[in-house]
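The structure appears below as structure tokens.
There are 2 protein chains.
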Amino acid sequence: MDFSVRNVDQVDVGALAGSLGFLLRLGQLKAFDDFYSENGPRGLKPGEFSVLWVISCNPGIRQSALGQRLMIKRAHMTKLIRGFEDQGLVSRAIPDSDRRAVELTLTATGREAVKAVAETFFTYEETTGAPLSKPELRQLIALLQKYVGLEETGP
Amino acid sequence: MDFSVRNVDQVDVGALAGSLGFLLRLGQLKAFDDFYSENGPRGLKPGEFSVLWVISCNPGIRQSALGQRLMIKRAHMTKLIRGFEDQGLVSRAIPDSDRRAVELTLTATGREAVKAVAETFFTYEETTGAPLSKPELRQLIALLQKYVGLEETGP
DNA sequence: TATTGTTATACTCTATAACTATA
DNA sequence: TATAGTTATAGAGTATAACAATA
Numbered sequence: 318m319d320f321s322v323r324n325v326d327q328v329d330v331g332a333l334a335g336s337l338g339f340l341l342r343l344g345q346l347k348a349f350d351d352f353y354s355e356n357g358p359r360g361l362k363p364g365e366f367s368v369l370w371v372i373s374c375n376p377g378i379r380q381s382a383l384g385q386r387l388m389i390k391r392a393h394m395t396k397l398i399r400g401f402e403d404q405g406l407v408s409r410a411i412p413d414s415d416r417r418a419v420e421l422t423l424t425a426t427g428r429e430a431v432k433a434v435a436e437t438f439f440t441y442e443e444t445t446g447a448p449l450s451k452p453e454l455r456q457l458i459a460l461l462q463k464y465v466g467l468e469e470t471g472p
Numbered sequence: 318m319d320f321s322v323r324n325v326d327q328v329d330v331g332a333l334a335g336s337l338g339f340l341l342r343l344g345q346l347k348a349f350d351d352f353y354s355e356n357g358p359r360g361l362k363p364g365e366f367s368v369l370w371v372i373s374c375n376p377g378i379r380q381s382a383l384g385q386r387l388m389i390k391r392a393h394m395t396k397l398i399r400g401f402e403d404q405g406l407v408s409r410a411i412p413d414s415d416r417r418a419v420e421l422t423l424t425a426t427g428r429e430a431v432k433a434v435a436e437t438f439f440t441y442e443e444t445t446g447a448p449l450s451k452p453e454l455r456q457l458i459a460l461l462q463k464y465v466g467l468e469e470t471g472p
């Protein structure tokens, strides 16, 4: 006989099923899979969109503050921003008050790009929580916000 | 005057704060940061540990089932398993019933390694949910389990 | 001295496709 | 034909350290 586990559903992950880090990792992979599925939006990737979106919400934001909030390291942020600059989406300005810093703003093109993607991004997001009921999804989001230290800010 | 956002706490992420995918990404990064902080365990990385752990829970598991459950692509799984084999942690067997498949088992060394890491991994996990109360953490875990399609299996 | 951002390097993880051997 | 796994390659993302300019 052969008792080997050959189907996903038979896999016993044991105590790992109660591990927050493990569940967050699986959850993120699932969310991204859903996002990139046949119905998901195209073009800008979630990470890229989030950077542009946060700049659009905070015109003139310092590169360091942006990176800290999105947990992107300085070295990587430099590359990302240069990419956006090359695409004409973001402009950099060095403030007189601190000439080490860089303040980021969207260009007109950048604002259009964000506007175009935002609608499909956020409406798609609503469908992402498939296995959960509406109230469950709301509570999951609330708990995650608390965990990562994010308060929902009014518009 | 200079109104630019220069502190993390001033950053307004707008509607992104309600995005499940975004929150899952931040949450995972936070959990990993915590894990790797000064108090976190050393040696085996969370991803590596999870692979070995699941093999230990499912002796003889097929490589494909393992990869599907942990959302690791076949090509990557091959590299991981070879690495573990080279370290003498995992042994591969080709079953007669299907000579395309590979069944994975921990070696004695592998079992010891998992045993050694498991205790510190899981006890550390308990401290990971810092910003949440015990009941909140429990519910967050329950919702995530439902979201990713994991049932807690009794020992 | 500390901070902001840049550069350079390397490593991990991921994505893809072509390949084998079995079924 | 389809499946399980392998190989090879390229691209993200990340980590690190050394560096310049400024504070």
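One line per chain: the protein sequences are A and B, in this order.
Going by our numbering, the first sequence opens with residue 318, and the numbers climb by one from there.
Going by our numbering, the second sequence opens with residue 318, and the numbers climb by one from there.
C-beta: ideal position from N, C-alpha, C; glycine also.
At 7 angstroms on the CB atoms, spell out the chain B contacts of K390 of chain A, in chain order.
Stepping through the first sequence from its first residue, residue 390 of chain A is reached at position 73. Result: empty, since nearest Cβ-Cβ is about 11 angstroms, beyond 7 angstroms.
Pull up the distance between the alpha-carbon of I372 of chain B and that of R455 of chain B, whole angstroms please.
Here the question's residue 372 of chain B lines up with position 55 in the second sequence. Here the question's residue 455 of chain B lines up with position 138 in the second sequence. Those two C-alpha atoms are separated by around 26 angstroms.
Return no unless some Cβ of chain A is closer than 8 angstroms to the Cβ of V478 of chain B.
Here chain B covers residues 318 to 472 and nothing more, so residue 478 of chain B does not appear.
Which runs of the alpha helix (DSSP H) fall wholly inside the stretch 390-472 of chain B and span at least 4 residues, in chain order?
Here the runs fully enclosed are 391-403, 425-443, 451-465.
Can you tell me which of the three DSSP states R342 of chain B falls into?
By one-based count along the second sequence, residue 342 of chain B stands at place 25. In this structure, R342 of chain B counts as helix in the three-state DSSP scheme.
Could you tell me how far apart the beta carbons of L346 of chain B and F339 of chain B are, in whole angstroms, since I believe they sit closer than 8 angstroms?
Counting from one through the second sequence, the residue named residue 346 of chain B turns up at place 29. Counting from one through the second sequence, the residue named residue 339 of chain B turns up at place 22. Their Cβ separation, rounded to whole angstroms, is 11 angstroms, which puts L346 of chain B and F339 of chain B out of contact at 8 angstroms.
For chain B, is any of its Cβ atoms less than 8 angstroms away from the one on P412 of chain A?
By one-based count along the first sequence, residue 412 of chain A stands at place 95. Yes, its Cβ sits closer than 8 angstroms to a Cβ of chain B.
What residues of chain A sit near L361 of chain B, judged by a beta carbon separation below 9 angstroms?
The residue labelled residue 361 of chain B in the question sits at position 44 within the second sequence. What L361 of chain B touches in chain A: nothing, since even the nearest Cβ is about 13 angstroms away.
Using a threshold of 8 angstroms, state whether the C-beta atoms of V322 of chain A and V330 of chain A are closer than that.
Your numbering for residue 322 of chain A matches position 5 in the first sequence. Your numbering for residue 330 of chain A matches position 13 in the first sequence. Taking 8 angstroms as the Cβ cut-off, V322 of chain A and V330 of chain A do not qualify as a contacting pair.
Would you say F401 of chain A reaches chain B, if we count a Cβ-Cβ gap shorter than 8 angstroms as a contact?
In the first sequence, counting from the first residue as 1, residue 401 of chain A sits at position 84. No, because no Cβ of chain B sits closer than 8 angstroms to the Cβ of F401 of chain A.
With three or more C-beta pairs closer than 8 angstroms as the rule, is the stretch 441-450 of chain B touching the stretch 388-400 of chain B?
No contact exists between the stretch 388-400 of chain B and the stretch 441-450 of chain B.
Given that K463 of chain A touches chain B, what residues does it touch there, using C-beta distances under 8 angstroms?
For the purposes of this step, residue 463 of chain A is identified with residue 146 of the first sequence, where counting begins at 1. Within chain B, the residues near K463 of chain A are P448, L449, E453.
What residues match up with R323 of chain B in a beta bridge as DSSP calls it?
Here residue 323 of chain B refers to the residue found at position 6 of the second sequence. BP columns for R323 of chain B are empty, so no partner.
Using a C-beta cutoff of 8 angstroms, does A334 of chain A count as contacting chain B?
Against the first sequence, residue 334 of chain A aligns to sequence position 17. So, interface residue.
So which residues on chain B does A430 of chain A lean against when the C-beta distance must stay under 9 angstroms?
Position 113 of the first sequence, counted from the start, is the residue given in the question as residue 430 of chain A. Those within 9 angstroms of A430 of chain A in chain B number zero; the least Cβ separation is about 16 angstroms.
G466 of chain B touches chain A at which residues, Cβ-Cβ below 7 angstroms?
Walking along the second sequence from the start, residue 466 of chain B turns up at place 149. Within 7 angstroms Cβ-Cβ: P448.
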